[in-house]
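Remarks on the structure that follows.
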Amino acid sequence: SKEIVKNEKGNLTIFAFDKGEGLSEHISPFDAAIYILEGEAEVVISSEVFSLKAGEAIMMPANEPHSLKAVEKFKMALFMIKS
78 SKEIVKNEKG
88 NLTIFAFDKG
98 EGLSEHISPF
108 DAAIYILEGE
118 AEVVISSEVF
128 SLKAGEAIMM
138 PANEPHSLKA
148 VEKFKMALFM
158 IKS
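All the letters of the sequence shown, read from the start, carry residue numbers 78 to 160 under our numbering.
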């Protein structure tokens, strides 16, 4: 991962995952949005499964369990919104 912007209002981080890799289920105290830059990922938010491809985005509400897994090699931008 590479952090592009970080300040008191939020941050922007770029992540890259190989097929089968991902982030295990966790909860964040802040709203976040992900935008798929390349490839495809499966995103689970509060047990609801979403399949996202390059050019698609989704919001992940604060305090909701979420995880993601690479269906194929992919890159994403994560926008964490702290304000």
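For each residue, glycine too, the CB sits at the ideal point set by N, CA and C.
{"query": "Residues near Ser101 in its chain [Cβ-Cβ closer than 6 angstroms; skip 5 each side]", "result": "Ser144"}
{"query": "Ala139 in three-state terms, based on DSSP", "result": "coil"}
{"query": "Nearest neighbour of Glu133, chosen from His103, Leu89, Leu155 [CA to CA]", "result": "Leu155"}
{"query": "Under the three-state DSSP convention, the category Asp95 falls into", "result": "coil"}
{"query": "Per DSSP, cross-strand counterpart(s) of Val148", "result": "Paired residues: none, contrary to the question."}
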